[in-house]
Every structure is written in C-alpha cells, then in structure tokens.
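Accompanying notes for the structure given below.
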Amino acid sequence: MINDWTETQRKYWETWSDYAKNAGMGAFGAGNGQSSAGNAFGGFNPFSANPFGQNMFAQNPFVQNPFAQNPFAQNPFAQNPFAQNPFAQNPFAQNPFAQNAFAGNPFAQFSVGENPFSGMLEQWWSSMRPEAQGDIGTVVQRIYDMGKSFMSMSEGLFGASGQEQPDAAMNMWMSSMQAALQQWIAQIQANADFATPDLPGVSGTTLNSWARIADTASPWLNMSQNLLKEIAEGHLPGGVEIPGLGAAQEQFCRALSMPGLGYTREQQEHLQGLARNLLTYHDALRAYKLAFAKTALASLESVQKRLQAMHEKGEKIESLRGLYDMWVDASEEAYGDFATSDEYQVVYGDLVNALMQVRKDMNELAEQHYKLMNIPTRSEINTMQHRQQENRRENRHLRREIAELRAEIEKLASTKSAAATRGRRRAPAQESLPIDNVEDDLTVIKGIGPKMAEKLYEQGIKNFSNLAAINAKFAEELDEALKTQGRILRDDWIGQAKKLSR
Amino acid sequence: MIPFKMRPDAILNEARGFNEKLAQGVGHLMDVGDIPSGVTPKEAVYKEDKMVLYRYKGEKAATNKTPLLIVYALVNRPYMTDLQENRSTIRGLLDAGQDVYLVDWGYPDEADRFLTIDDYLNGYLDRCVDVIAKRHRVKKINILGICQGGAFSLCYGSMHPEKVRNLVTMVTPVDFQTPDNMLSHWVQNIDIDLLVDTQGNIPGEMLNWTFLNLKPYQLMAQKYLGVVDLMDNPKALKNFMRMEKWIFDSPDQAGETFRQFAKDFFQENKLMKGEVEIGDYTVDLGNVTMPVLNVFAEQDHLVPPDASRAMKKYIGSKDYTELSFPGGHIGIYVSGKAQKLIPPSIGDWLNKR
C-alpha cells in the first residue's frame, strides 16, 4: 500500500520534473521531488506542501540582512558631516536601493533574488521563467502549488499514516494538524519566532498575500532591524533579538522614549520613532497571525462538524476530490466568519497601518540622506507633479472657457455678418426672418434721400432693422460701395435706424 | 466516525488519474498560445494621456441612433466585456443594435498619482462624451457603467444630466456599507491617508490580492485543481487562461483617486448621502433623472446585490428598472447564460428609450 503510494507520488513528481526539464529548469526535480518522509508527523506533514513555506514569517527576515553593513549605522552624516568626507565611503556602494529594489517587489508576481523568503520554489521559478513566461508560467505555478497541496492531503490520508482504514487515517491526520496548529498558537502567544504552517487547500492564500504586500517593505525592514539592534545595544546590555523581544520590550520602549541630546538630537529622535514603529508593526503582525491561526483551527473544527453532520445524515464522501471540495467549503465558511468579524477589521487595519508607518519613516530617513547627497527626492517630485496636475487641470478649464467664448463671439459675429450678407444678397437670407421683408421709408433717416434709399434697397437693406444690424466694418464697405464718402458713420445712420426700428 | 466510503485502491486510482491528466495537460498548456485582450474589432477615436476612447465595429450598422459609452472600473481591464467570441458583452450589445464606445483608462504610473476623480469624470470622461456627441450630432448619449465605473457613471449622470439620455449600471455599489460587504468591512480601519501618502499609487496587485482574499480557498486554491479537469480540452483550457490573464491584469490605481474613493465611498458612504464632492460639484443622486436600468448579480461577493438595490431609493429617476441575474460578479459578463440574457435585455431597454 505504502509502496503504491510512493510510486504514485514519484510519477507525479516525474511528470512535473520532465516538464521542468523541458522548460529548462534543472533544479526542479531534485529540489522538490522529495516526499515528506521522516518528519514529525510520521511521513505526513500537513505543512510540507506549503510552497511558500519559507515565507517572511517563517524566516526571520531580519536575520539575513542583505544590507549587512547598515548604511545608517555607519552614516557619515550622523556625526560631524565635515569631519569625515561623506564620499570617502561611497554611499552608493551600500545603497539600499541598489540591491533589492526590484527583486523585492511583491507585485512582480514571483520575485527572485535576494528575497529572504523565497525558498526552493523561487529557485525553480528563476530557472523556469525564461521558458514559461507570463500567463502560462503563473498558472503552471498555481496548478503546481495546488496539486502539491492536494497530493499532500491524499498522502496524509493513506501514504504515511500506516493506517489502511480511511477513517482511522483521517482521524490521525486531523489530530496531527490540530496539534500543529495549537503549537503554532502557543508559539505566537509566547512571542517566539515561529513558522507559519499550512493547511490543505490554503497554500498561497491570506498570510502569503500579506507577505507579498509586506515584501515591498522588506529591504527596509531588514535594514531597520539592524538599526534597531544597534539602538537597543546602546541602551540595553547585550542587545536584543527581535521579534521575540519578550520581557525586554517594555524596557526597550522606555529607552526609546528617552529624549535625544546634543548635536544629533533630531536624527536620534527620528531613529527612536522608527524603532518604536517597528515594534508596533511586530505587535500588529503577531496579533494578525494569532487571529489567523485561531481561524485555521476553527476551519478544522468546521470540517469535523461537517463530517459529523454527514455521518448523521448517512451521507458518504466517495473520492479524494469530494473530500477536498468539502474541506474547501468548510474552510471558506470559517474564514468568512473570521473575515467579517470586528476582530479581523481591527487586526487587518492595524497591520496595514503599522507597516505603512514604518515605510513612511524609512522613506523620510532615505530622503534626509538623499538631500545631503544633493539627489532629488520623492517628495520634491510629488510637489512638482501635484503642481503640474493642477496646472493641467487649470489649462483644461481655460481652454474650455476660451472655446466657449470663441463660440459665443462667432455666434454674435455671424448674426451681424448674416445681416450684412442679407444686405448684399437679396432674397435668400431673408426667408428665415419674414419681418425683414417689410420695407421702411429709409428717407426718414437724416442724410438719406430717395436716391440713396433706392440704392440701399438694392443692397437688400429694406428697413430700419436691417440698417441697425450693420456693424462698423460693413458700414465702411457699404460707404465705399455706395460712394457716400463717410456719411453713413458721420450721420450715424445706424444709430438713427436703431431708434426707429424699436 | 468519518463518513468515508473510499476503498484504498479507488483512491490510488484517483490520484493516478489526476497525475495522468496533469501530465497530458502540460502539452496543451504550452500550446495555448497568445491570448488577445479583447476579440471584437475596434478603432481608437480619441486619445488623451493614457486614456483611449474606442468605437467597436458591429457586423451590421447600429439601429439605435443614440451611441452607448461603456465606462469600466479603474481596477481591472475592460476586456472582461469582450473576452472571447462567444462570450462578449460588447458583441451582444452590437448585435442588439447599439453603437458601442468604450473608454479605456490605461495603466497609470507614478506621474499620474495626482489624478483625481474630478480629473477622471469632469475631465477625461466628459471630453469623451463630448467627442461622441459631436460625432453623432446628438446632445445626449447612453452610458453603461460597470462596477466602480457604474458608481462613476452615477456621479457623472448627477453632474451632467443634460448629456446622459439613459443610464445602465452593472454590478454597481450605491450603499457601500451593507452588512455583507466584506471589502468595505476590511477597509474601515485602514488609515487611507497614510496608505496613499506612503504608497503613492495603489498597486494593482495589492488590490487584486485583496479581492482574491475575499474567497481565498476557492479563488486561489480550488480553482487550480479544477483546471486539471479541463486539461484534456484545449479549448476549455484556453478559455481558462483568458480569464486568468484578465484576473491578474490589474492596473495600479492613481493615488488621489483611490484616496477619495476609499474614504468618501467606502468609509463614509457619502454617495448615497449626497455628500460626495467632485471638483465644483456636490453629487446629488436626485439629479439622476434620466431612465436607469440597474443590473446586478445575485451571488456577487464583491458588490452584494443589496449594495446595488439601494440605488432605487436615492436616484431621482422615475423610470427605474432592475435586472437581477443569478450569477457572480464576473459571471454576469462571461457565463453562457448571461450572454443570452444580459446584452439583449440592455439593448431592448435602450431601444425603447
């Protein structure tokens, strides 16, 4: 039985490793093809399938500091900036951005490189990436993760328990998982360093997604960790390890509240603020994980309840997939209860806020240094962009206003020139305004005699309104055409016509 | 007592079958090939910054003389409405006689972080509406808003009722704080100002993972086991991949727009209170007096039906129609059932008005 199982597993991994080889990734077969034999749960490790097993919570991200030399600790500016040539130590050599700036981006779907919580799968990915890119690669990864998780569940049932009877195997498996979760919770409560376990069907879900978000901050957190240690060492004998600060935390926090003194006071205060916010973040993360671990336990109970209910109704699970789907449903339900609870709202918000606060502090510290190096900063760019966007908005408004005014003017002008055009051409323009057909006695106007009235009639100016609508420019043209030698304007025919047309 | 009825050999067979399917499927997976972003032919008719206004080409000329503008959300890409030949809401609308335009907001980068909702609605969108109105020599056009784009369309309809003849909203939230709104529940304790001040634009991946975490077991786990069942069917596999591409194709959201949307709409629920301020306007849904067709999905986990239904209470329109669809937030565009029901119904409704 167990041999059969091992054979199935072997085939499964061979499939994938063949694929991996075809795709040019040699590391895959060797790294991931091993079964989980020999672990604490007698072959079945409910956590073995976690592709993100080495996530940021598992490995203390602060231990492997990629910035082994803390640029802030050796900050030439912290002391007298003029005593030491700041450029004697090339600030870029230790540039925190030079290293992980892109690799650490969680949003570059599967980051590789110095990412401290990458693990073997990342390695697999890095070799596979050139072949299976983008959409396909991403999906292959997920199918792989879930297949692994699914297989692990099956293995848990039969492969490793040594039990030939499904229900005995299931019971054993469930209680091993329960024990692991309880242990996890105890570890979190004791503020010890802990690994994040995984459950079937959960791999790569909530905690992992949080790791991705937090990952943008990881270069910062790494760096700040050393910083924190150094601050602590300055205050506490022997320094402290974080997380797991434990009893020392209170003392440490008190030390962090000591007022800064002297020359570097401002910088000290900044660093103290950052250290305090880092501690807040660790607390928030712990609270979140604790809540999450309890939910995992609740989902396990939810599975048990369903099994019980099925048993009472006489229903049976007949396949692995059936079991898996039931498991997912039950877990989703337990998760849903958690996610809609007030507790979740608080721990989730606190976590996001605490991380953002740390990032903000780190950004500010970075900016201080950039300023000293005469390098433009993000906040300067923000100011420029903000002003630029305001200008663009204003430009748009003005352009629209100009267009509207222009349209208005054209409308006015066209009314006048329409009148003028009517003056030159006879019938057509007047059709739309029947009143224009009425002929007035234009000789009433001072300066217009019967001959001139006739000439005006010929130009289409038949009544006082027509004449009143003439603009100055057209009046000049008319003057020239009728050879009136400026009398139109001089005698103010238009003004007289306006009065008469009312 | 565990209610199992599984023989060990049956289980081994199942596991074997699973592995075999996976092995066969790898080849099909690699053969899927390119996945286009949208299938219906279209032409760009207006561009501004990263925004493009498209007009879709139907097989026959549109019978409805009033053009229809689709306003999609900022958080995902609009080709959800045009995913594949037989699953295209846009194609359905064209077939129903509509002259279809769509505003594609593009992918904002850090230089766009100060784009506000005012810039999007009274800027980009308003100019698109003007362009379309001018092309067709009409004063008013029809607007179809989707999800966040639906909320935007409501705002637009309130600010510029003189330009909107009919308004269709799909899976559009109006009451952002119904008890079943998990997303809204999560966002209440987040310091949005701190988030935006620190992050600038909100990364699409961050939003995306947040959405997936609404149902993590189904959306991030079970689904990928399910795909193994499709692996011997290249066509089904390709369709799965189209959806995957869409789901993970998430633009960042401009920081200032996110700030106002998260605070005013989600945290303070100002849309239904008539307190949202956009540029020189205060958005009063009472101004939305044109005919409104409100389409929502009964199993929507992102925008619960009650969040949409609330619209009826707050808009000024006397011609209000609801269309409730038995499906989810995405199914309403891509399921076969939706294809038969939704676009023709929208087309009918518009043609009558």
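Chains as they are written, first to last, in the working numbering: chain A, 1 to 502; chain B, 1001 to 1353. Note that beta-carbon positions come from the ideal geometry of N, C-alpha and C, so glycine has one too.
Spatial distance of residue i from residue j (CA atoms)
| i | j | result |
| --- | --- | --- |
| A:Y288 | A:G273 | 22 Å |
| B:A1061 | B:P1067 | 12 Å |
| A:F92 | B:L1219 | For A:F92, the predicted structure reports a pLDDT of 32, less than 50, and the residue's modelled location is therefore unreliable. A value from the coordinates is still provided. So the alpha carbons of these two residues sit roughly 43 Å apart. |
| B:L1125 | B:V1103 | 8 Å |
| A:R399 | A:K360 | 38 Å |
| A:T383 | B:V1174 | 34 Å |
| A:S501 | A:R490 | 19 Å |
| A:N95 | A:H369 | Note that A:N95 has pLDDT 30, beneath the 50 cutoff, so the model's placement of it is unreliable and the number below is only indicative. Distance between the alpha carbons of A:N95 and A:H369 is about 11 Å. |
| A:N466 | A:A419 | 7 Å |
| B:E1059 | B:A1111 | 40 Å |
| B:V1138 | B:K1065 | 9 Å |
| B:N1269 | A:A413 | 49 Å |
| A:A291 | B:L1302 | 23 Å |
| B:V1292 | A:A339 | 34 Å |
| B:R1165 | B:N1189 | 39 Å |
| B:M1080 | B:G1092 | 13 Å |
| B:G1336 | B:P1344 | 13 Å |
| B:S1250 | B:K1050 | 15 Å |
| B:I1332 | A:M362 | 44 Å |
| A:K483 | A:F464 | 20 Å |
Three-state secondary structure assigned by DSSP to residue i
| i | result |
| --- | --- |
| B:G1145 | strand |
| B:E1059 | coil |
| B:R1077 | coil |
| B:R1353 | coil |
| B:V1276 | strand |
| B:P1326 | coil |
| A:E507 | Absent from the structure is residue 507 of chain A, since the part of chain A shown begins at 1 and ends at 502. |
| B:F1296 | strand |
| B:I1132 | helix |
| A:A247 | For A:A247, the pLDDT reaches just 49, beneath the cut-off of 50, and the residue's location in the model is therefore unreliable, although a value from the coordinates is still provided. Note: A:A247 maps to coil in three-state DSSP. |
| A:K360 | helix |
| A:A334 | helix |
| B:S1088 | strand |
| B:K1042 | strand |
| A:T377 | coil |
| B:I1070 | strand |
| B:H1064 | Rather than His, the amino acid found at residue 1064 of chain B in this sequence is Asn. It is coil, neither helix nor strand. |
| B:T1116 | coil |
Reference residue i; option with closest CA among the options
| i | options | result |
| --- | --- | --- |
| A:A468 | A:Y457, A:T484 and A:K416 | A:K416 |
| A:M452 | A:A472, A:A481 and A:A275 | A:A481 |
| B:D1280 | B:F1296, B:H1185 and B:L1121 | B:L1121 |
| A:E439 | A:G447, A:E458 and A:K446 | A:E458 |
| A:K473 | A:K455, A:Q368, A:I494 and A:G460 | A:I494 |
| B:I1202 | A:E266, A:D329 and A:V352 | A:V352 |
| B:F1240 | B:D1252, B:A1254 and B:Y1224 | B:Y1224 |
| B:E1162 | B:I1143, B:M1311 and B:L1012 | B:I1143 |
| B:D1031 | B:I1332, B:L1237, B:Q1148 and B:E1205 | B:L1237 |
| A:A354 | B:D1191, B:I1070 and B:L1341 | B:D1191 |
| B:G1347 | B:T1198, B:L1167, B:L1194 and B:P1251 | B:L1167 |
| B:D1119 | B:D1306, B:C1155 and B:A1133 | B:C1155 |
| B:V1129 | B:V1100, B:P1216 and B:H1185 | B:V1100 |
| B:A1151 | B:P1003, B:L1195, B:M1311 and B:K1340 | B:M1311 |
| A:L297 | A:Q485, A:E380, A:D479 and A:L181 | A:L181 |
| A:Q388 | B:G1274, B:I1090, B:A1015 and B:L1115 | B:L1115 |
For residue j and residue i, believed in contact at Cβ under 8 Å, the rounded distance
| i | j | result |
| --- | --- | --- |
| A:D331 | A:S299 | Here residue 331 of chain A is Ser; the residue named in the question, Asp, does not match the sequence. The pair is a contact, with the Cβ atoms about 4 Å apart (cut-off 8 Å). |
| A:D350 | A:A284 | 4 Å |
| B:F1266 | B:V1171 | At roughly 16 Å, the Cβ-Cβ gap does not stay under 8 Å, so B:F1266 and B:V1171 are not in contact. |
| B:G1255 | B:R1113 | 4 Å |
| A:M174 | A:Q308 | Not quite, the Cβ-Cβ distance comes to about 12 Å (not below 8 Å), so this is no contact. |
| B:S1158 | B:V1283 | 5 Å |
| B:N1213 | B:F1248 | Actually they are not in contact, since the Cβ atoms of B:N1213 and B:F1248 sit about 14 Å apart, beyond 8 Å. |
| A:V328 | B:A1221 | 7 Å |
| B:V1075 | B:Q1148 | 6 Å |
Contact set between residue i and chain E, taken where Cβ atoms lie within less than 7 Å
| i | result |
| --- | --- |
| B:R1113 | This model lacks chain E altogether, as its protein chains are A and B. |
>> For a minimum of 3 consecutive residues, which ranges assigned as the beta strand (DSSP E) are wholly contained in the region 443-498 of chain A?
In response: If we require 3 residues or more, the region 443-498 of chain A turns out to have no beta strand (DSSP E) run fully inside it.
> Which parts of the region 1236-1279 of chain B are runs of the alpha helix (DSSP H), unbroken and 4 residues or longer, counting only runs that do not cross its ends?
Replying inline: Taken in chain order, the unbroken stretches of alpha helix (DSSP H) that lie wholly in the region 1236-1279 of chain B and span 4 residues or more are 1255-1260 and 1270-1273.
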